[in-house]
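Undergrad:
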Amino acid sequence: MSDYRIEKIRCPVVVRLHSGESVTGEMFLQPFVRPGGGNERPQDILNSTEPFFPLALADGDTLLVAKEQVLAIGTDHPEEDDEALGSLARPMVVEVRLINGDRHAGAIFLDMPSERPRLLDFLNRDDERFLTLHGTERRFLINRQAIEHIRPLD
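Mapped onto numbering that gives the first Met the number 0, the consecutive letters of the sequence shown carry residue numbers 0 to 153.
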């Protein structure tokens, strides 16, 4: 490995854009950048302040994707060390409908400073641009600005 290259982990994703296009590619994650030594996660990149992220395509090209144009990202990336799953956060099963009509169901982990966290309070916190929905087979990172409505299924 070159002294000038930064080691990256490739994470397969499907990016759903405002244009209606779905782009399959790989996000680049850094190893051991999170507190406690965990690897960077796709949501860390999406919730960072930078407005663009690189997406490697199968043909070798790389797109620089504007986060504002992303409706949602689906990934099978394993995240056994996810804080939400290991914390005292309360899971709530929901269906999310996006502005383009796409629907995704899964669990949102309400990590709130309250004994009885409410979904509305969690959604109205504006500390992250993308929320994580834990589906049965995939994890979805959903742009809060692309949500039409959320319906609790519990």
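C-beta atoms are modelled at their ideal positions from N, C-alpha and C, and glycine is treated no differently.
The model shown is predicted, which means the values in this text are computed figures rather than measured ones.
Could you check which residue in R40, L97, R89 and A88 has the C-alpha nearest to that of H17?
TA: Checking every option, the nearest Cα to that of H17 belongs to L97.
Undergrad: Please work out which residues of its chain come closer than 8 Å, Cβ to Cβ, to V12, disregarding the five sequence neighbours upstream and downstream, and give them in chain order.
TA: Excluding positions up to five away in sequence, the list reads T23, G24, E25, M26, P41, L54, I72, G73, T74 and H76.
Undergrad: Taking 6 Å as the limit between beta carbons, can you name the residues of its chain near T61, skipping five residues before and five after?
TA: Counting only Cβ-Cβ distances below 6 Å, and skipping sequence neighbours, we find P53 and A55.
Undergrad: Tell me whether M0 sits in a helix, a strand or coil according to DSSP, three-state version.
TA: Low local confidence applies: a pLDDT of 48 at M0 is under 50, so the model's placement there is unreliable, and no value is given.
Undergrad: Determine whether the beta carbon atoms of H133 and G100 lie at a separation below 8 Å.
TA: Contact flag unset, no.
Undergrad: Could you tell me the alpha carbon to alpha carbon distance between V92 and F129, rounded to whole angstroms?
TA: Approximately 17 Å, taken between the alpha carbons.
Undergrad: Quick one: measure Cβ to Cβ for V95 and N142, integer angstroms, because I've assumed they're closer than 8 Å.
TA: Not confirmed; about 11 Å, so no contact.
Undergrad: Give the single residue among E20, S21 and C10 whose Cα lies nearest to the Cα of L28.
TA: Selected option, being the one with the closest Cα: C10.
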